[in-house]
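Asks:
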Amino acid sequence: MLRPRIPLPRLGRLARIPQTRHIHKLRPLRDQFAEKGIGEEGHQFLSPEAVDFAYTQYQTLVLEKLNKLTAGQEDELSNSPNGLLSLITRTARDPNKAPTFNYASMAHNNEFFFNGICHKGPPIPRELKQHLVEAFGSIETLRTEFLLTAFAMFGPGYVWLVRARQPQNVAMRFRLLVTYLAGTPYPEAHYRQQRADMNTGSNVDEWMASQRAAVAPASASAAGPASSSHTRLEPAPGGLRGVVPVLCLNTWEHVYLPDYGILTPEGKEGKREYIYKWWDHIDWNVVADRANLAAGQPSLIS
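Residue numbering for the sequence shown follows UniProt numbering, starting at 1 and increasing by one per position.
1. Going by DSSP in three states, residue 173 sits in which element: helix, strand or coil?
2. Taking the alpha-carbon of residue 27 as reference, which of 292, 43, 40 and 56 has the nearest alpha-carbon?
3. Pull up the distance between the alpha-carbon of residue 303 and that of residue 264, whole angstroms please.
4. Between residue 66 and residue 108, how many whole angstroms is the CB-CB distance? I'm expecting something under 8 Å.
5. Where residue 281 and residue 71 are concerned, what is the direct C-alpha to C-alpha distance, given to the nearest angstrom?
6. Bridge partners for residue 164 per DSSP, in chain order?
7. Is it right to say residue 262 is buried, meaning 16 or more other beta carbons lie within 10 angstroms of its own, or is it exposed?
8. Along the chain, where does the alpha helix (DSSP H) that runs through residue 149 open and close?
9. If you drop the 5 nearest sequence neighbours on each side, which residues of the same chain put their C-beta closer than 7 Å to that of residue 273?
10. If I measure Cβ to Cβ from residue 277 and keep anything under 6 Å in the same chain, skipping five residues before and after, which residues do I get?
11. Going by DSSP, what residues sit across from residue 263 in a beta bridge?
12. Smallest Cα separation from residue 252: which of 43, 73, 93 and 110?
13. Give the secondary structure of residue 125 by DSSP, where H, G and I count as helix, E and B as strand, and everything else as coil.
14. Would residue 294 be called buried (16 or more neighbouring beta carbons within 10 Å of its own) or exposed?
15. Which first and last residues belong to the alpha helix (DSSP H) in which residue 102 is found?
16. Candidates 100, 145 and 73: which alpha carbon is nearest residue 178's?
17. Can you list, in chain order, the residues of its chain whose CB lies under 6 Å from that of residue 245, leaving out five sequence neighbours each side?
18. Going by C-alpha distance, which of 51, 287, 41 and 38 is nearest residue 254?
19. Rounded C-beta distance between residue 116 and residue 248? I'm assuming under 8 Å.
20. Let me check understanding here. Comparing Cα to Cα, which of 180, 164 and 135 lies closest to residue 152?
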């Protein structure tokens, strides 16, 4: 049972912001997410109000600010499917372009998150499942590590499942990666990966080291080839320097607070309930398309 929802302003208020540029436009979500929310009735992951707040309103504002920053600087890449990604990689290493990078990266990350979820998660495609088991030991281990990593983040950001373009071995094909705030997982913009919480100076590795033993499954399946190392965030030599994200979890408060609050009516931590529910709404078919295992190289698609 979800807590009473926080009243949220509707998009109409944002629509009155002067529209000066429309190069980067809001892309509609699929499956009537905006109208019906995400998840089956009675078991929703995000309500229509939460989707409106976290995607429609937030994304509209971020893109509007980005368009103002890039006014007069657009090129043929701006309207392409990977226009935001191109802008991210071109501005990541320029301190004078930090605001542009932040808005472009945030817009890309937010859209990537919403494109990777669905009303009810399908079974993991066989080939993808095989590769994930080879990398993590078991799907349950992947789930445990993914959710624990999200719990460990003190500040807002994203947890990513990434695929290495040219892994040294099958166990290194997939890894978890954390970015804070508007950090990006793309190695071309490594300067702006922002792996540490800028408020505390800590990173997820430290917290995970103290928590994994207490929660990881005590079965042989959890002791796969990557069971002790796959959450390391530093690129392994020759292994993670070229990675492409295939899945992400958004831990920004504005996504889960409208529906889950700080505490649920049952006294459970809202962030924790949100993270647990997210796993059941992953669109593994989208993840498989992004991983593009049949072609041998992952796809740069949002």
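C-beta atoms are modelled at their ideal positions from N, C-alpha and C, and glycine is treated no differently.
Replies: The relevant details are as follows:
1. Along the sequence shown, one-based indexing puts residue 173 at 173. Residue 173: coil per DSSP, three-state reduction.
2. Residue mapping note: residue 27 aligns to position 27 of the sequence shown, counting from 1. The candidate whose alpha carbon is nearest that of residue 27 is 56.
3. Examination of residue 303 is not possible in this model, given that the chain is present from 1 through 302 alone.
4. Reading the sequence shown from its first residue, position 66 is the one you call residue 66. Reading the sequence shown from its first residue, position 108 is the one you call residue 108. Wrong, their Cβ atoms sit about 10 Å apart, outside the cutoff.
5. Along the sequence shown, read from residue 1 onward, the residue named residue 281 stands at position 281. Along the sequence shown, read from residue 1 onward, the residue named residue 71 stands at position 71. The straight-line gap from Cα to Cα measures roughly 37 Å.
6. Translated into the one-based positions of the sequence shown, residue 164 becomes position 164. Residue 164 pairs with 243.
7. As a first step, residue 262 is located in the sequence shown; it is residue number 262 there, counting from the start. Exposed: under 16 other Cβ atoms inside 10 Å.
8. As a working note, residue 149 is residue 149 in the sequence shown. Note, residue 149: alpha helix (DSSP H), 139 to 152.
9. Within the sequence shown, the letter at position 273 stands for residue 273. Contacts found: 260 and 264.
10. Residue numbering aside, residue 277 sits at position 277 when the sequence shown is read from its first letter. These residues qualify, in order along the chain: 45.
11. Along the sequence shown, one-based indexing puts residue 263 at 263. Checking the DSSP bridge columns, you'll see residue 263 partnered with 269.
12. Taking the sequence shown and counting its residues from 1, one reaches residue 252 at position 252. Nearest in C-alpha terms to residue 252, of all of 43, 73, 93 and 110, is 110.
13. Taking the first residue of the sequence shown as 1, we reach residue 125 at position 125. Coil, per DSSP.
14. Mapped onto the sequence shown, residue 294 falls at position 294. Exposed, since its Cβ has fewer than 16 Cβ neighbours within 10 Å.
15. Along the sequence shown, one-based indexing puts residue 102 at 102. In the DSSP assignment, residue 102 falls within the unbroken alpha helix (DSSP H) covering 98 to 115.
16. For the purposes of this step, residue 178 is taken as residue 178 along the sequence shown, with counting starting at 1. Relative to the Cα of residue 178, the nearest Cα in the group 100, 145 and 73 belongs to 145.
17. Numbered from its first residue, the sequence shown carries residue 245 at position 245. For residue 245, same chain residues with a beta-carbon under 6 Å away, outside a window of 5 residues either side, are 160, 162 and 185 in chain order.
18. As a working mapping, residue 254 is identified with position 254 in the sequence shown. Closest option to residue 254, judged by alpha-carbon separation, among 51, 287, 41 and 38: 51.
19. Numbered from 1 along the sequence shown, position 116 holds the residue referred to as residue 116. Numbered from 1 along the sequence shown, position 248 holds the residue referred to as residue 248. Right, their Cβ atoms sit about 7 Å apart.
20. Reading the sequence shown from its first residue, position 152 is the one you call residue 152. Of the residues 180, 164 and 135, the one whose Cα lies closest to the Cα of residue 152 is 180.
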